[in-house]
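Step one of this worksheet: look at the structure below.
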Amino acid sequence: MLAVVPDPPPSPPHDNRPGTAPGRVLSTLNEDGTRRWVRPELAIGPFYYRRLFVAWFLIASFIGLPFVRVGGKPAMLFDVLHRRFTFFGSTFLPTDTVLLMLLMLTIFLTIFLLTALFGRVWCGWGCPQTVYMEYVFRPIERLFDGNRNKQIALDQKGGLQPKRMLKFAVFAVLSFGVANIFLAWFIGVEELSHWMNHAPSEHPAGFAIVAGTTVLMFIDFAWFREQMCVVACPYARIQAALLDKSSLIVAYDVNRGEPRGKLSKVKLEDLKIGDCIDCKACVYTCPTNIDIREGLQMECISCTQCIDACDNVMDKINKPRGLIRYTSQERLATGAGKVLRLRVMLYPLAILIVGGALGYLASHRTPAEVTALRGIGAPFTEASDGVVTNQIRLKIHNRTAHTHAYKLALANADGLKWIAPENPLTVTADHAVTTTIFVESQPNVIQGEKLIEIHVDDGSGFTTEVAFRLLGPGAKK
Ligand code: SF4
Ligand code: SF4
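Below is the structure:
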């Protein structure tokens, strides 16, 4: 006999006691504001394997890139301490304001374009939070705690269970590893290995940074978890503005799935119900604890786990796959969608212009940056015999991957005596050195001011002149 198991009864009316929320506020919170722990069931399918491949490629890149060198420099180094960023052999300094601005703009525009085309593809496939959580920490958790049901049972049991303590110990070790790799991106592998090979007392600040980062990593992966995506990440907040109706999203086909109903001993084809059998496999597998059947939600990180879960169910009930699939809101509503629209044409154009300007300026940068500044204090000093002395602070930033000895010379310096205590000035690769030049002039040589040029030559093809205005008695203030 054909029969449909009725849907569960509606939820009881809301509890109006003070301190309870009016309905669901967040997928990871209970109505009384307590944490709702998410214990997703792993759904194995084609998307899982594709993401696994991408995840391990990214993890390998994350670990390997700080060790790779391009043109003698690290492939990637975000040296916040010394305020310089190295990007595939090119080092950007705080003085490269325009270049940094163009680089940031290019990155943002690319994110806008990718989001407009592919929705939150970054969150589900590329973000380190998702990659490490779903492909390192979560599998280890399953190894110790078992599947979703066993994890929930352990939650209900409460207390300090030895298995879980052991799991947290493994998490702590892994967090230490991830923290070290993370820091290598910011301080470089050399500095990191120095920290690791010396007693903490020799570098207490470094030790504190490693310890602090390890603790933060542990808290994130053991406790904070999906909250990072649901409440902390700013990208989730702005995605609504970046997506449009044609953007690719993970979505449930409501036309095909509804009205949903549970199967009993019946053949689905004979019933006036949709393809969704309300098994909730898509909900139980969701790492942010949402029900994709309620439509596009901010918490959805496009991880595709619900696609695999639902496809497995469809296989079992002999229905075509794709009840939950990559599609767009427009395609779901009308059956057709367009890829080309104004924003996906404007973004690439803007990327081309901004990225082109960045490429041009970056490729025309000089191998060294030279700046001349007036000495600190009085603009000049005048001795009792009328000799005037100007102090010049000359800063040379060597952008190359090799040490250079820069020869300094003064042009237009007739009647002037100059002293450069460090000439040639040696500057190691990718570092900046400031030296002081003293310029003395006999009385009346400088009438108010005199323009000179400082000539810098690295002996291997790079020369530059920097203008400097010497001041003397009668100079305009
Ligand atoms: S997994 Fe598929 S069939 Fe099961 S509840 Fe979700 S959408 Fe419905
Ligand atoms: S709704 Fe689906 S794609 Fe979105 S986060 Fe949940 S499981 Fe992943």
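Residues 2 to 478 in this note's numbering are what the sequence shown spells out, letter by letter.
Ideal Cβ positions, reconstructed from N, Cα and C, are used throughout, including at glycine.
*asked:* For the structure I just gave you, are there three or more beta carbon pairs, one from the segment 251-261 and one from the segment 290-297, closer than 8 Å?
replied: yes
*So does residue 274 have its beta carbon nearer than 8 Å to some heavy atom of ligand 1?*
Counting from one through the sequence shown, the residue named residue 274 turns up at place 273. Residue 274 Cβ: outside cutoff for every heavy atom of ligand 1.
*State the start and end residues of the unbroken beta strand (DSSP E) segment that holds residue 57.*
Position 56 of the sequence shown holds residue 57. Not the beta strand (DSSP E): residue 57 falls in the alpha helix (DSSP H), residues 47-65.
_Going residue by residue through the segment 298-381, where are the continuous beta strand (DSSP E) segments of at least 3 residues, counting only ones entirely within it?_
Restricted to the segment 298-381, the beta strand (DSSP E) segments that are unbroken, complete and at least 3 residues in length are 325-328, 369-375, listed in chain order.
*Beta carbon of residue 431, beta carbon of residue 92: below 9 Å?*
For this step, residue 431 is matched to residue 430 along the sequence shown. For this step, residue 92 is matched to residue 91 along the sequence shown. Yes; because the gap between Cβ atoms is below 9 Å, this pair is in contact.
*Would you report the Cα separation of residue 329 and residue 467, rounded to the nearest angstrom?*
On the sequence shown, residue 329 is found 328 positions in, with the first residue counted as 1. On the sequence shown, residue 467 is found 466 positions in, with the first residue counted as 1. For residue 329 and residue 467, the distance between alpha carbons rounds to 57 Å.
*Which stretch, first to last residue, makes up the alpha helix (DSSP H) that contains residue 111?*
The residue labelled residue 111 in the question sits at position 110 within the sequence shown. It spans 98-119 - the alpha helix (DSSP H) in which residue 111 sits, taken as one unbroken run.
_Ordered list of beta strand (DSSP E) runs contained in the segment 417-452, each at least 3 residues_ = 417-420, 426-428, 433-442
_Please determine whether the Cβ atom of residue 322 lies at a distance below 8 Å from any heavy atom of ligand 1._
Counting from 1 along the sequence shown, the entry for residue 322 is found at position 321. Flag unset: Cβ of residue 322 not near ligand 1.
*Can you list, in chain order, the stretches of the alpha helix (DSSP H) that have 4 or more residues and sit fully within the segment 214-251?*
235-243
*Please confirm whether any heavy atom of ligand 2 lies closer than 8 Å to the CB of residue 251.*
If you number the sequence shown from 1, residue 251 lands on position 250. Yes.
_Let me check understanding here. Comparing Cα to Cα, which of 471, 462, 201, 73 lies closest to residue 447?_
Locating residue 447 in the sequence shown gives position 446, where the first residue counts as 1. Of the listed residues, the one whose Cα sits closest to residue 447 is 471.
*Ignore the nearest five residues each way along the sequence and tell me which others in residue 412's own chain have a CB closer than 6 Å to its CB.*
Here residue 412 refers to the residue found at position 411 of the sequence shown. Same-chain partners within the cutoff: 454, 456.
_Residue-chain proximity (residue 231, chain B), Cβ-Cβ < 9 Å_ = Here there is only one protein chain, and chain B is not present.
*Cα-Cα, which of 435, 390, 137, 325 is closest to residue 256?*
As a working mapping, residue 256 is identified with position 255 in the sequence shown. Out of 435, 390, 137, 325, 325 has the C-alpha closest to the C-alpha of residue 256.
*So, using beta-carbon positions, are residue 1 and residue 368 closer together than 9 Å?*
What the structure shows of the chain is the stretch from 2 to 478, and residue 1 is not part of that stretch, so it cannot be assessed.
*C-alpha distance - residue 189 paired with residue 70, whole-angstrom precision*: As a first step, residue 189 is located in the sequence shown; it is residue number 188 there, counting from the start. As a first step, residue 70 is located in the sequence shown; it is residue number 69 there, counting from the start. If I take the Cα positions, the gap works out to 11 Å.
*Relative to the C-alpha of residue 355, which residue among 181, 73, 31, 109 is closest?*
To locate residue 355, count along the sequence shown from 1; it is residue 354. Among 181, 73, 31, 109, the Cα nearest to that of residue 355 belongs to 109.
*Taking the alpha-carbon positions, what's the residue 473 to residue 105 distance?*
Counted from its first residue, the sequence shown places residue 473 at position 472. Counted from its first residue, the sequence shown places residue 105 at position 104. If I take the Cα positions, the gap works out to 44 Å.
_Assigned exposure category for residue 203 - 16 Cβ within 10 Å defines buried_ = Along the sequence shown, read from residue 1 onward, the residue named residue 203 stands at position 202. By the 16-neighbour rule on beta-carbons within 10 angstroms, residue 203 is exposed.
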